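Trainee: Numbering-wise, the sequence shown is residues 20 to 299 according to our numbering. Backbone N, C-alpha and C fix where the C-beta goes; we use that ideal spot for every residue, glycine too. Since we're looking at a predicted model, the values are computed, not measured. One structure, as structure tokens, below. Some questions next.
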Amino acid sequence: MDSIINISAIQNIIYVGSSILFILGIKMLGKEATAVRGNYLSAIAMFLAVGITCLNLGIDIKIIISGILLGGLIGSLIAIKVKMTAIPEMVALFNGFGGLATFLIAWSQFNSPNNSFFQHVLIMLTVYIGGITFAGSLVAYGKLSEILKLGKGSWITNILISFFYLSIPALLYVICEPFISQFIPQFSSYFFIFLGLTLIAGLGFVMPIGGGDMPVVISLLNSFSGIAAAFAGLLLLNNVLIVAGSLVGASGLILTIIMAKAMNRTIGNILFVGYASTSS
């Protein structure tokens with residue numbers, strides 16, 4: 020019993036330390052002179068948080084080290100090879116991976132027994148935001164790298180936009196599932212439809228937006244990935260994930276607003292001008 024208490028206490032102490040490092044790291048990223056050190060601090064914070072979480076779950080230390088080394092190697096190779104002019108594409112891709120991680124976490128939590136209504140709402144919101152972030156980030160990457168050249172007036176774009184509109188009432192529907200399930204007992208099959216719809220909606224969310232506005236959209240998707248991570252932290256009762264996700268969500272939203280103001284435009288105009296022109 021004492022060992023369990025000690026491990027839990029050590030975990031919480033490391034979580035607090037990681038949260039402080041995350042805050043300092045993001046603060047230092049705001050200035051060019053300290054940006055590199057801020058990046059290192061954030062990486063150390065993530066390493067500590069992931070390491071202590073895996074140890075507390077009883078995962079073999081060899082698996083933890085192997086996963087960290089493999090992920091670090093892949094990330095380093097991508098970062099070293101990328102050109103400075105292609106940094107926005109890389110950021111979009113990494114945003115997408117963050118969204119995919121939270122999407123999968125929420126999916127796994129859906130299958131957990133005895134979920135409360137609050138947990139159910141968090142699962143659906145995390146699936147939706149994570150799926151939108153993942154699919155939307157892939158579109159942003161494709162547009163910036165000129166791999167994806169679909170125009171906002173194409174029939175494929177129009178269909179994807181329709182799916183995005185459809186996903187909003189679908190989200191409300193699945194949130195109300197505890198009340199609907201007494202009339203529709205086989206809800207789990209509808210949940211898998213919602214998973215697919217969310218991913219398609221993410222494509223429709225970003226597809227009509229022009230390439231010139233994509234940096235603002237990437238910043239917004241970065242905010243979405245942070246919000247989804249914070250929701251996932253609430254699901255897992257993980258304090259450091261809540262703190263880190265909230266920091267990323269807030270800083271990404273602030274950056275989005277600043278970038279939109281610098282362009283003398285509103286966020287709504289950037290996001291939905293493509294929808295208006297498509298409809299017309």
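Quick check on the burial criterion: 16 or more other C-beta atoms within 10 angstroms. Buried or exposed for serine 27?
Mentor: Exposed, by the Cβ-count rule.
Trainee: My output table needs one value for aspartate 79: the three-state DSSP class, helix, strand or coil.
Mentor: Note: aspartate 79 maps to coil in three-state DSSP.
Trainee: I want to know whether the region 216–236 touches the region 127–137 - three or more CB-CB distances under 8 Å.
Mentor: Result no; under three Cβ-Cβ pairs closer than 8 Å.
Trainee: How should glycine 150 be labelled, buried or exposed, when 16 other C-beta atoms within 10 angstroms of its C-beta is the threshold for buried?
Mentor: Counting Cβ neighbours within 10 Å, glycine 150 comes out buried, since at least 16 surround it.
Trainee: Roughly how many whole angstroms lie between the Cα atoms of glycine 252 and alanine 120?
Mentor: About 12 Å.
Trainee: Could you check what DSSP says for isoleucine 289 in three-state terms: helix, strand or coil?
Mentor: It is helical.
Trainee: Does DSSP put serine 360 in a helix, a strand or coil?
Mentor: An answer regarding residue 360 cannot be provided, because it is not within the stretch 20 to 299 covered by the chain.
Trainee: Where does methionine 143 sit, in a helix, a strand or coil, going by DSSP?
Mentor: In the structure shown, methionine 143 sits in a helix (DSSP, three-state: H, G or I).
Trainee: Curious, which full-length alpha helix (DSSP H) runs of at least 4 residues does the region 21–67 contain?
Mentor: The qualifying runs are 21–47.
Trainee: Leaving out the 5 sequence neighbours to the left and right, which residues in its chain are closer than 8 Å to proline 234 when beta-carbon positions are compared?
Mentor: Contacts found: Pro107, Met278.
Trainee: Kindly indicate the opening and closing residues of the alpha helix (DSSP H) around leucine 266.
Mentor: Where leucine 266 is concerned, the enclosing alpha helix (DSSP H) stretches over 258–281.
Trainee: In chain order, what residues of the same chain have a beta carbon less than 6 Å from the beta carbon of alanine 68, not counting five sequence neighbours either side?
Mentor: If we look at alanine 68 and ignore the five residues flanking it on each side, its Cβ neighbours are Ser37, Val259.
Trainee: Between the region 269–284 and the region 239–247, are three or more C-beta pairs nearer than 8 Å?
Mentor: These segments touch.
Trainee: Under three-state DSSP, which class holds serine 296?
Mentor: Note that serine 296 scores 49 on pLDDT, short of 50, meaning its location in the model is unreliable and no value can be drawn from it.
Trainee: Just the Cα atoms here: how many angstroms apart are isoleucine 29 and histidine 139?
Mentor: So the two alpha carbons sit approximately 30 Å from each other.
Trainee: Tell me whether the region 208–222 and the region 154–163 touch, counting them as touching only if at least three CB pairs, one residue from each stretch, are closer than 8 Å.
Mentor: Taking 8 Å as the limit for Cβ pairs, the verdict is that the region 154–163 does touch the region 208–222.
Trainee: Is the region 102–118 close to the region 175–192, with three or more CB pairs under 8 Å?
Mentor: Touching, no, given that fewer than three Cβ pairs across the two stretches are closer than 8 Å.
Trainee: Could you give the distance in angstroms between the alpha-carbon of tyrosine 34 and the alpha-carbon of valine 262?
Mentor: Using only the alpha carbons, I get a separation of about 9 Å.
Trainee: Taking only the alpha-carbon atoms, compute the straight-line gap between threonine 302 and lysine 102 and give it to the nearest angstrom.
Mentor: With the chain running from 20 to 299 in the structure shown, residue 302 is simply not present.
Trainee: Given that a residue counts as buried once 16 or more other Cβ atoms are within 10 Å of its Cβ, and exposed if not, what is phenylalanine 198?
Mentor: Phenylalanine 198 is exposed by the Cβ-count criterion.
Trainee: Determine whether the beta carbon atoms of arginine 56 and methionine 65 lie at a separation below 7 Å.
Mentor: The answer is no: Cβ separation not under 7 Å.
Trainee: If you measure between the beta carbons of serine 265 and alanine 249, is that distance less than 7 Å?
Mentor: Yes, Cβ-Cβ distance for serine 265 and alanine 249 is below 7 Å.
Trainee: Where do the N-terminal and C-terminal ends of the alpha helix (DSSP H) with glycine 231 fall, by residue?
Mentor: Run containing glycine 231: none; DSSP gives neither H nor E here.
Trainee: From which residue to which residue does the alpha helix (DSSP H) around proline 107 run?
Mentor: Segment 106–129, the alpha helix (DSSP H) holding proline 107.
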